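Here's the structure we're looking at; comments come further down.
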Amino acid sequence: MDEGHVIVIGGGLAGISAALACSDAGRKVTLVEARSHLGGRVSSVKHPRQDWQLDNCQHACFRVYDRFLQLIGRANAQQSIKLQANTNLPFALPEKKVFSALTTGRLSPPNHMMGSMLSFPFLSLRDKLAMRKAVKALSAMNNQQMWELDDTLFVDWLKQNGQTERAIDRFWAFFVLAALNINIQEASAAQACMLFKNGLFGNADAFDVGAFTSDLSDSIEPALSSTLEEAGVKIIRNSTVKSVVIENNCFTSVELKDQSLQCSDVIFATPHHITSRILENSVKNSNQPILEEMSSKIDDLCANISRIEYRSLIGIHSFYRGNRVPEDFTFAVMVDQPLIQMIFNRNSELSSPIEEGVQWVTVPVSAADEYLKMEDEEILQQLDKVLHQLWPENDNVERIEHLIVRTPKATFAPTPGSAELRPTASFLGNNIALAGCWTKTTWPSTMEGAVRSGLNAAAHILEIEWDSDNPWQQWPLRPKRGDSEWPAW
Ligand SMILES: Cc1cc2nc3c(=O)[nH]c(=O)nc-3n(C[C@H](O)[C@H](O)[C@H](O)COP(=O)(O)OP(=O)(O)OC[C@H]3O[C@@H](n4cnc5c(N)ncnc54)[C@H](O)[C@@H]3O)c2cc1C
312 MDEGHVIVIG GGLAGISAAL ACSDAGRKVT LVEARSHLGG RVSSVKHPRQ DWQLDNCQHA
372 CFRVYDRFLQ LIGRANAQQS IKLQANTNLP FALPEKKVFS ALTTGRLSPP NHMMGSMLSF
432 PFLSLRDKLA MRKAVKALSA MNNQQMWELD DTLFVDWLKQ NGQTERAIDR FWAFFVLAAL
492 NINIQEASAA QACMLFKNGL FGNADAFDVG AFTSDLSDSI EPALSSTLEE AGVKIIRNST
552 VKSVVIENNC FTSVELKDQS LQCSDVIFAT PHHITSRILE NSVKNSNQPI LEEMSSKIDD
612 LCANISRIEY RSLIGIHSFY RGNRVPEDFT FAVMVDQPLI QMIFNRNSEL SSPIEEGVQW
672 VTVPVSAADE YLKMEDEEIL QQLDKVLHQL WPENDNVERI EHLIVRTPKA TFAPTPGSAE
732 LRPTASFLGN NIALAGCWTK TTWPSTMEGA VRSGLNAAAH ILEIEWDSDN PWQQWPLRPK
792 RGDSEWPAW
């Protein structure tokens with residue numbers, strides 16, 4: 312055993328956060344990553360025909376992503392994110408070519424969007440009046456009451472709280488789809504209530520939308536890699552961990568293809584199905600009997616993991632010679648559009664265009680399982696139809712390229728009962744911690760959830776009492792509106 316040596320398996324945001332926090336606290340840390348680059352699911356793919364790196368999918372963040380923004384601040388990567396100076400959530404109904412937006416007004420939460428909601432054209436007065444009941448119920452709910460709803464479907468909760476079909480379809484469903492990556496008919500009421508209570512209706516600035524100012528490989532990888540290295544973290548890339556060595560109740564080394572790394576602590580920061588596979592291999596390959604207590608914990612964990620489902624995401628990228636969407640258009644939610652759910656003008660976010668004169672339009676498709684097999688051509692036709700409805704005057708702007716990225720295992724699915732299946736960081740015991748967006752945080756599978764989980768794991772290994780709703784003490788606080796060090800969008 313290498314006393315004091317922490318090995319982190321997996322270099323996504325969870326592993327990066329865990330490694331950096333342990334190293335900041337003076338521990339020797341090695342981060343092992345299977346791929347050639349860090350960032351995990353926050354990553355880019357190379358375009359097959361062009362010399363372009365493209366996001367796997369549009370990644371949005373929000374000002375309520377406190378720990379994620381702390382990580383970005385710790386890495387001095389403020390310039391990689393643009394945050395809205397005030398919440399502005401544009402919506403469009405392509406069929407009728409109607410635009411509107413939900414924005415922050417003067418009232419205090421949860422009523423801060425009420426002014427814009429009153430003139431929101433996609434809901435009737437009856438829908439809007441009924442919404443007050445649900446918002447009131449959310450505000451009155453404490454955390455315990457919220458998590459007691461984990462076995463309930465959110466749609467049922469909405470109906471019990473007087474919501475109309477139209478408000479469910481045109482308001483609640485969109486936020487659940489985009490933020491939880493699940494259709495509203497399948498979502499846990501607890502996870503959805505958390506989204507609305509702490510996010511949209513929580514603080515007036517919570518839903519200021521943020522976007523990356525370059526493609527994801529450029530935004531995340533260079534700044535975070537160099538920050539880890541400067542902090543003394545050894546990064547081993549291109550190395551897939553297959554198993555760990557368990558002696559008595561402790562994990563004592565991590566097995567790589569060509570070496571065995573001794574350690575005193577291990578942090579698993581891999582997706583849930585991979586964590587399960589590594590643990591099962593470790594038990595199978597163990598030279599000595601594993602103590603009953605440990606083997607039954609591993610069995611329980613793997614049994615729970617096998618019940619955590621995934622949902623997919625599709626990133627549609629389309630490139631034009633000229634402006635297919637107006638230059639000052641940033642993004643909008645598309646009402647009543649099952650496939651083309653949102654449109655982003657990636658040029659409005661980038662610090663410089665991908666190529667001079669080229670506009671990058673992108674569409675994230677959430678809970679996209681039913682579209683995974685759809686041909687590119689059909690997907691593009693649906694995009695063209697919506698673009699034509701909204702901006703027929705730009706029909707002659709030529710598409711010069713496209714890329715459609717399908718990610719089947721994009722996020723875990725917050726279905727009813729899923730909260731119980733998510734293990735705490737300390738679930739397996741003293742010198743082992745579990746991290747990854749799927750572990751127990753109150754967050755769905757997001758960049759914020761991943762960072763929180765990494766910090767939970769670090770707190771367990773460092774034996775620090777820490778509540779992830781509090782800032783991570785060693786890192787700069789997330790930016791307030793108007794902070795001049797952070798670019799405004
Ligand atoms: C297409 C897409 C769009 C998304 N959009 C958003 C969004 O807009 N906003 C948002 O907040 N979130 C979004 N998410 C979710 C968010 O990206 C994830 O929740 C988060 O990045 C997960 O981080 P993680 O560290 O838990 O896991 P991962 O990022 O999956 O990191 C795990 C790492 O472990 C490595 N690894 C796996 N097996 C091994 C092994 N055996 N040995 C060593 N290393 C291994 C992997 O290569 C990976 O780098 C999106 C996800 C996807 C896929």
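Okay, so the sequence shown: first residue is 312 according to this note's numbering, each after it adds one.
For glycine and all other residues, C-beta sits at the position ideal for the given N, C-alpha and C.
Note that this is a predicted model, so its numbers are computed, not measured.
Cut-off 6 Å between Cβ atoms - residues of its own chain near residue i, not counting five sequence neighbours on either side
i	result
residue 851	This structure gives no information on residue 851, because the portion of the chain shown stretches from 312 to 800.
residue 789	377, 380 and 381
residue 355	364, 365, 366, 526, 527 and 528
residue 418	425
residue 659	641
For residue i, the nearest candidate out of the options (CA to CA)
i	options	result
residue 546	746, 585, 330 and 648	330
residue 698	630, 524 and 415	630
residue 784	381, 324, 617 and 341	381
residue 334	770, 401 and 421	770
residue 530	423, 737, 326 and 351	351
residue 674	627, 720 and 365	627
residue 436	475, 518, 592 and 579	475
residue 326	338, 349 and 505	349
residue 563	552, 551, 570 and 576	576
residue 317	339, 647 and 746	339
residue 570	553, 539 and 508	553
residue 798	666, 370 and 374	374
residue 342	579, 654 and 635	579
residue 403	657, 485 and 453	485
residue 635	670, 755, 800 and 511	670
residue 510	597, 793, 446 and 681	446
Reduced DSSP category for residue i - H, G, I as helix; E, B as strand; rest coil
i	result
residue 333	helix
residue 682	helix
residue 626	strand
residue 521	strand
residue 720	strand
residue 709	strand
residue 503	helix
residue 316	strand
residue 345	coil
residue 715	strand
residue 725	coil
residue 408	coil
residue 353	coil
residue 263	Nothing can be reported for residue 263: it is not among the residues displayed for the chain, which extend from 312 to 800.
Close Cβ partners of residue i (< 7 Å) along its chain, the five nearest in sequence each way excluded
i	result
residue 661	524 and 525
residue 714	358, 365 and 628
residue 444	472 and 473
Give, in chain order, every unbroken run of the alpha helix (DSSP H) that is at least 4 residues long and sits entirely within the stretch 730 to 793.
List check, alpha helix (DSSP H) in window: 758 to 773.
Sequence ranges, beta strand (DSSP E) only - wholly within the stretch 608 to 655, length at least 3
If we require 3 residues or more, the beta strand (DSSP E) runs fully inside the stretch 608 to 655 come out as 621 to 632 and 642 to 645.
Would the stretch 461 to 468 count as touching the stretch 487 to 506 if we require 3 or more Cβ pairs under 8 Å?
Segments in contact, yes.
Starting from the N-terminal side, write out each stretch of the beta strand (DSSP E) that is 3 residues or longer and does not extend beyond the stretch 524 to 555.
Within the stretch 524 to 555, the complete beta strand (DSSP E) runs of at least 3 residues are 545 to 547.
Assess, as a yes-or-no matter, whether the stretch 429 to 445 is touched by the stretch 668 to 686 under the definition of 3 or more beta carbon pairs within less than 8 Å.
Contact between the stretch 668 to 686 and the stretch 429 to 445 is absent, because fewer than three Cβ pairs lie under 8 Å.
To test your reading of the DSSP string, which unbroken alpha helix (DSSP H) runs of 4 or more residues are found completely within the stretch 356 to 404?
If we require 4 residues or more, the alpha helix (DSSP H) runs fully inside the stretch 356 to 404 come out as 377 to 385.
Hey, which unbroken runs of the alpha helix (DSSP H) at 4 residues or more fall wholly within the stretch 421 to 486?
Counting only runs of 4 or more, we get 425 to 429, 436 to 451, 454 to 458 and 465 to 471.
Under 8 Å, with one C-beta from each stretch per pair, do the stretch 606 to 624 and the stretch 730 to 745 reach the 3-pair mark?
When C-beta atoms of the stretch 606 to 624 are compared with those of the stretch 730 to 745, three or more pairs fall below 8 Å, so the two segments count as touching.
Quick test of the definition: if touching needs 3 or more C-beta pairs under 8 Å, does the stretch 551 to 566 touch the stretch 580 to 595?
Remark: three or more beta-carbon pairs, one from each stretch, lie closer than 8 Å, so the stretch 551 to 566 and the stretch 580 to 595 are flagged as touching.
List in chain order: all unbroken beta strand (DSSP E) runs of 3+ residues lying wholly within the stretch 563 to 610.
Those beta strand (DSSP E) runs which fall completely within the stretch 563 to 610 and span 3+ residues are 571 to 573 and 576 to 579.
Any contact of the stretch 710 to 727 with the stretch 678 to 697, i.e. 3+ C-beta pairs under 8 Å?
Contact between the stretch 710 to 727 and the stretch 678 to 697 is present, because at least three Cβ pairs lie under 8 Å.
Is the stretch 744 to 755 touching the stretch 577 to 591, taking contact as three or more C-beta pairs under 8 Å?
Counting Cβ pairs under 8 Å, three or more are found: they touch.
When the Cβ atoms of the stretch 393 to 407 are set against those of the stretch 512 to 523, are three or more pairs found closer than 8 Å?
Result yes; three or more Cβ-Cβ pairs closer than 8 Å.
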